[in-house]
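Here's the structure we're looking at; comments come further down.
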Amino acid sequence: MAILFAVVARGTTILAKHAWCGGNFLEVTEQILAKIPSENNKLTYSHGNYLFHYICQDRIIYLCITDDDFERSRAFNFLNEIKKRFQTTYGSRAQTALPYAMNSEFSSVLAAQLKYHSESKGTDQVAETQAQIDELKGIMVRNIDLVAQRGEKLELLIDKTENLVDS
55 MAILFAVVAR GTTILAKHAW CGGNFLEVTE QILAKIPSEN NKLTYSHGNY
105 LFHYICQDRI IYLCITDDDF ERSRAFNFLN EIKKRFQTTY GSRAQTALPY
155 AMNSEFSSVL AAQLKYHSES KGTDQVAETQ AQIDELKGIM VRNIDLVAQR
205 GEKLELLIDK TENLVDS
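At the far end of the sequence shown sits residue 221, using this note's numbering, and the numbering has no gaps.
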């Protein structure tokens, strides 16, 4: 389960890329980029054992290729982070940049984010937080049950005490 390849492009012009492993990712990506409409959109394509996730905003395409069992939410978290960093760093310069103009600087950012979002630990904070909430909920339910049982035992003791006092 990993993000295998990431690219930032303007139409079919690749501005920056990074591959986690070898493969024909670049050739496949060029074919996919040619088919992506230029309007703002986000979508996932499936082909064989791979998923192709992309976000298109202001004619800039942020695309990644993942295994078919990789969670879409994690892929789009990665793409949103890349988009934010790319826009912050380059802004409108990306609209007129030459092919691979940002690759020397931005490929290291792609590599670092690719690694971070591919590792299962710490990447899906929502799921982790939900698991912690579920665990706490279970503990609280057990504690409430124990308090209720103690309350019942106290009521029995009070009843017995009243019976002893009355007799």
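For every residue, glycine included, the Cβ atom is placed at its ideal position computed from N, Cα and C.
Every value quoted in this text rests on a predicted model; they were computed, and no experiment measured them.
Alpha-carbon spacing of T177 relative to I68, whole angstroms:
Here T177 scores only 47 on pLDDT, less than 50, and its place in the model should not be relied on; the value that follows carries that caveat. The straight-line gap from Cα to Cα measures roughly 27 Å.
In this structure, what does DSSP give as the bridge partners for V201?
The partner list for V201 (beta bridge, DSSP) is empty, contrary to what the question assumes.
Give me, in chain order, the residues of the same chain whose beta-carbon lies closer than 8 Å to that of A88; leave out the 5 immediate sequence neighbours on both sides.
T66
So, F79 versus I119, is the Cβ gap smaller than 7 Å?
yes
For the beta strand (DSSP E) containing S100, list its first residue and its last residue.
The continuous beta strand (DSSP E) containing S100 extends over residues 95-101.
State the DSSP-derived secondary structure class of L117, mapped to helix, strand or coil.
strand
Cβ-based burial, S100 [other Cβ within 10 Å; buried from 16]
exposed
Identity of the residues DSSP links to H107 by a beta bridge:
T98, C118
CA-to-CA distance, H72 to N134, given in whole angstroms
16 Å
Cβ of I90 within 7 Å of Cβ of C110?
yes
Spatially closest choice to R139 from A165, E125, S127, P153, by CA coordinates:
A165
Residues bridged to H72 [DSSP beta-bridge criterion]
A60
Burial state of I212 (16 or more Cβ within 10 Å)
Counting other Cβ atoms within 10 Å of its Cβ, I212 stays below 16 and is therefore classed as exposed.
Rounded to the nearest angstrom, what separates K96 and L58 at their Cα positions?
19 Å
Can you grab the Cα-Cα spacing for the pair D112 / M194, in whole Å?
48 Å
In angstroms with no decimal places, state the Cα-to-Cα distance between C75 and L117.
One C-alpha to the other measures close to 16 Å.
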